[in-house]
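Protein chains in written order, with this note's numbering: chain A, 2 to 255; chain B, 4 to 273.
Positions of the beta carbon are idealized from the N, C-alpha and C atoms, including for glycine.
Working notes for the structure below.
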C-alpha cells in the first residue's frame with residue numbers, strides 16, 4: 002500500500018534521488034580532498050564508502066519521525082490505536098515499502114556511480130559472500146535500530162505539538178554520529194571508540210564498513226554484539242517512553 | 004514620478020512585512036520549548052561544524068589552500084545565508100507546495116500584492132533566525148583573529164558581496180520553488196537545498212573544473228567563497244560587478260519562470 006502510495010509522486014522521488022546524488026558527490030569531494038594528507042585513507046575508499054552508504058541508507062531509513070509525528074499531531078494516530086494489532090507493525094510496513102521504492106529508484110544512479118568510480122580506479126569493493134551475508138544481517142539490524150530510535154523520538158509529539166526543532170535536531174545528530182557527514186575512519190581513535198559505543202554507527206556506517214572489508218573479525222563481532230545490545234536497550238526505552246507519553250495524547254479531531 | 008511610485012511601493016511592502024514579523028513573533032510565544040530546542044540546535048550545529056573542520060585540518064594546516072580560520076569563515080557565511088534564508092523565505096517557499104495542493108494559493112492570487120513576494124515572505128520564522136547566530140559566531144571568530152590585517156575595504160566589500168550572495172540564494176530558491184505551482188510534489192526544492200549546500204565548503208574542493216563551473220554556469224562561488232575572499236584579501240572589485248550581473252540574470256529567470264508556472268497553475272479548490 003505504502004509502495005503504491007509513494008509511487009504516485011514519481012517526480013518527487015526522482016527529485017530526492019537527484020538531491021541525494023548531489024549530497025553524496027559533495028561529501029566525496031570534501032573527504033577526498035581531506036584524504037590527500039592521510040596515508041591510511043585513499044580516495045577510492047572515500048568514493049566507495051559514500052556510494053555504498055547512500056545505497057544502504059535507502060534500506061535503513063525510518064520515516065516515522067515525519068509521518069508518525071504528523072499522525073500524532075493531527076489525531077490520526079487514534080485510528081492506529083483502535084486496530085487489532087500494534088501500530089508499529091503498520092509503520093514497519095510503510096517504512097519497508099518506502100525503502101524498497103527508494104532503493105530501486107536509487108539503483109541506476111548507484112550503478113552509474115560505480116561505473117564512473119571503476120573507470121577512475123576509485124571502486125575498491127571486492128566481492129566476498131561471507132561479508133555480503135554479514136552485511137545483510139547488519140543492514141536488518143541497522144533498519145531496526147533506526148526504526149526504534151525514530152519511533153521513540155516521535156512519541157514526544159504526543160505531548161509537544163511543535164516538533165520541527167526536535168526532529169531536525171535528531172536528523173542532525175544522527176547524520177553526524179552515523180558516519181554520514183564524517184566517515185568514522187577520519188576521526189581520532191578516541192572519538193572512534195566513542196562512536197563505536199553509540200547506536201548511530203550501527204544504523205549506517207557499520208554495514209558499509211563490513212562490505213568494504215575494512216573490519217577484522219573481532220571488530221565485526223564487537224559491532225554485532227553492541228548493535229544487538231542497543232536494539233534491546235532501545236526497545237526497552239521505547240516501551241517506557243510510550244507508557245509515559247501516551248498519557249498526554251489528546252486525540253485531536255475526535 | 005516613477006521613483007516616487009517605486010519608493011511608496013517599497014514602503015508598502017516594508018509595512019506588510021513588519022506586520023508579518025510582529026504576528027509571527029506573537030505566535031512563536033506559544034511554543035516556548037521550540038525556542039529552547041532551537042538554541043540547543045544552534046549550539047549543536049556550531050560544535051558539529053567545528054568538529055568537522057577539526058577533522059579536516061587534523062593532518063594539515065591547510066585544506067585545499069584555505070587555513071582553518073578561513074574555512075570557519077566560509078562555513079559561517081554559509082550558516083548565515085542558509086538560516087537567514089530559512090527564516091525569511093525558505094520555509095514559506097517550502098510551504099507553497101501545500102498551498103498549491105489544497106488550493107489556498109487561490110487566495111494569495113487574489114490579493115493586491117506580488118504573488119511571488121507574498122509566497123516568499125508571508126511568514127517569518129524566528130527559530131531559524133536564531134540558528135543563523137552560529138554563522139555570526141564563526142564570522143566574528145575570523146574577524147577577531149584577523150582584526151589586525153583587516154581593512155575597511157575588506158569589510159565593506161565583504162558585506163556587499165554577502166548581500167549579493169543572499170539575493171542569489173533567494174532567486175535560486177525562487178526559481179526551483181516556482182515549478183511547484185505547475186507541478187507540485189516534484190522534489191525540486193530538495194535538489195535546490197543540496198545544490199546550495201555545496202557552497203558550505205570553498206569551491207576549490209571541486210577541483211579546477213568545479214571551480215570554473217561554480218564561477219560561471221552554476222554561480223555558487225558568489226554565495227560563500229567570493230564574500231570570504233573579499234574579507235580575507237583584496238579581490239578584484241570586478242567580482243562585485245559579476246555578482247550583480249548574476250543577481251540580475253537570476254532575477255529575470257525567476258520572474259519569467261514564475262509567470263510561466265503561474266499560467267500553468269491548476270487551482271485545486273475551484
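State the Cα-Cα distance for the pair residue 42 (chain B) and residue 96 (chain A), rounded to the nearest angstrom. About 31 Å.
From which residue to which residue does the alpha helix (DSSP H) around residue 118 (chain A) run? For residue 118 (chain A), the uninterrupted alpha helix (DSSP H) segment begins and ends at 88 to 120.
How long is the line joining the alpha carbons of residue 51 (chain A) and residue 113 (chain A), rounded to whole angstroms? When only Cα atoms are considered, residue 51 (chain A) and residue 113 (chain A) end up about 14 Å apart.
Under the three-state reduction of DSSP, which class applies to residue 238 (chain B): helix, strand or coil? Of the three classes helix, strand and coil, the one that applies to residue 238 (chain B) here is coil, per DSSP.
Complete runs of the alpha helix (DSSP H) confined to the segment 16 to 100 of chain A [at least 4 residues]: Listed in chain order, the complete alpha helix (DSSP H) runs (minimum 4 residues) inside the segment 16 to 100 of chain A are 44 to 61, 65 to 75 and 78 to 83.
At a Cβ threshold of 9 Å, is residue 188 (chain B) touching chain A? Yes, residue 188 (chain B) lies at the interface with chain A (some Cβ there is under 9 Å from its Cβ).
Please name the residue in A:40, A:230 and A:49 whose C-alpha comes closest to that of residue 211 (chain A). Closest by alpha carbon: A:49.
Using a C-beta to C-beta distance shorter than 7 Å, which residues of chain B count as neighbours of residue 166 (chain A)? Close to residue 166 (chain A), with beta-carbon spacing below 7 Å, are these residues of chain B in chain order: 37, 40, 41, 44 and 130.
Determine, using beta carbons only, whether residue 133 (chain B) and residue 45 (chain B) come nearer to each other than 9 Å. For residue 133 (chain B) and residue 45 (chain B), yes; Cβs fall inside 9 Å.
Taking Cβ positions, are residue 203 (chain A) and residue 161 (chain A) nearer each other than 9 Å? Cβ distance not < 9 Å, so residue 203 (chain A) and residue 161 (chain A) don't count as in contact.
For the alpha helix (DSSP H) that residue 109 (chain B) lies in, which residues bound it at each end? Unbroken alpha helix (DSSP H) run through residue 109 (chain B): 108 to 113.
Take residue 57 (chain A) as the anchor and find which of A:158, A:22, A:65 and A:206 has the nearest alpha-carbon. Residue 57 (chain A) has its Cα closest to that of A:206, out of A:158, A:22, A:65 and A:206.
Kindly indicate if chain A contains any beta-carbon less than 9 Å away from that of residue 29 (chain B). For residue 29 (chain B), the closest Cβ of chain A is not nearer than 9 Å.
Which residues in chain A sit within 7 Å of residue 209 (chain B), going by Cβ to Cβ distance? Those within 7 Å of residue 209 (chain B) in chain A are 30.
Where does the unbroken alpha helix (DSSP H) through residue 24 (chain B) begin, and where does it stop? According to the DSSP assignment, residue 24 (chain B) belongs to the alpha helix (DSSP H) that extends over 5 to 31.
Can you give me the Cβ contacts of residue 129 (chain A) inside the same chain, cut-off strictly under 7 Å, excluding the 5 residues immediately before and after it? In its chain, beyond the 5 residues on either side, 214 have a beta carbon closer than 7 Å to the beta carbon of residue 129 (chain A).
Restricting to Cα atoms, I'd like to know which of B:237, B:194, B:149 and B:229 is closest to residue 12 (chain A). Across the set B:237, B:194, B:149 and B:229, the C-alpha of B:194 shows the shortest separation from the C-alpha of residue 12 (chain A).
CA-to-CA distance, residue 76 (chain B) to residue 151 (chain B), given in whole angstroms: One Cα belongs to residue 151 (chain B), the other to residue 76 (chain B), and the distance between them is close to 16 Å.
Can you tell which of A:175, A:117 and A:68 has the C-alpha that lies nearest to the C-alpha of residue 88 (chain A)? That would be A:68, whose Cα lies nearest to the Cα of residue 88 (chain A).
Check the Cβ-Cβ distances between residue 102 (chain B) and every residue of chain A, and say whether any is below 9 Å. Judged by the 9 Å Cβ criterion, residue 102 (chain B) is not in contact with chain A.
Comparing the C-beta of residue 193 (chain A) with each C-beta of chain B, is any distance below 9 Å? Cβ-Cβ to chain B under 9 Å: no for residue 193 (chain A).
Is the shortest distance between the beta-carbon of residue 24 (chain A) and the beta-carbons of chain B less than 9 Å? Chain B contact via Cβ: present.
For residue 248 (chain B), would you say it is in contact with chain A, using Cβ-to-Cβ distances shorter than 9 Å as the test? Residue-level contact check: residue 248 (chain B) does not touch chain A, since none of the beta carbons of chain A fall below 9 Å from its beta carbon.
Could you name the residues of chain B that residue 27 (chain A) contacts, counting a contact when the two beta carbons are closer than 7 Å? Below the 7 Å Cβ cutoff, chain B contributes 200 and 201 as neighbours of residue 27 (chain A), in chain order.
9 Å is my cut-off, CB to CB: does residue 35 (chain A) come that close to chain B? Output row for residue 35 (chain A): interface = yes.
Between which two residues does the alpha helix (DSSP H) holding residue 193 (chain B) run? First-last of the alpha helix (DSSP H) with residue 193 (chain B): 191 to 200.
Identity of the residue in A:105, A:125 and A:149 nearest residue 231 (chain A) by Cα: If we check each option's Cα against that of residue 231 (chain A), A:149 comes out closest.
Taking beta-carbon pairs under 8 Å, can you tell me which members of the segment 182 to 209 of chain A lie near chain B? Answer in chain order: 182, 183, 187, 188 and 189.
From which residue to which residue does the alpha helix (DSSP H) around residue 178 (chain B) run? Unbroken alpha helix (DSSP H) run through residue 178 (chain B): 155 to 185.
Quick one, which of B:112, B:149 and B:180 has its alpha-carbon nearest residue 70 (chain B)'s? Minimum Cα distance to residue 70 (chain B) is reached at B:149.
Would you mind reading off the limits of the alpha helix (DSSP H) that contains residue 251 (chain A)? Going by DSSP, residue 251 (chain A) is part of no alpha helix (DSSP H) at all; its letter is neither H nor E.
With DSSP run on the structure shown, which of helix, strand or coil describes residue 65 (chain B)? Strand, per DSSP.
Residue 203 (chain B) and residue 78 (chain B) - do their beta-carbons sit closer together than 9 Å? Yes.
Using a Cβ cut-off of 7 Å, pull out every chain A residue sitting near residue 48 (chain B), in sequence order please. Chain A residues near residue 48 (chain B): 173.
Applying the 10 Å Cβ sphere with the 16-neighbour rule, what's the burial state of residue 176 (chain B)? Its Cβ being crowded by 16 or more others within 10 Å, residue 176 (chain B) is buried.
Measure the alpha-carbon distance for residue 263 (chain B) versus residue 24 (chain B) and round it to whole angstroms. So the alpha carbons of these two residues sit roughly 30 Å apart.
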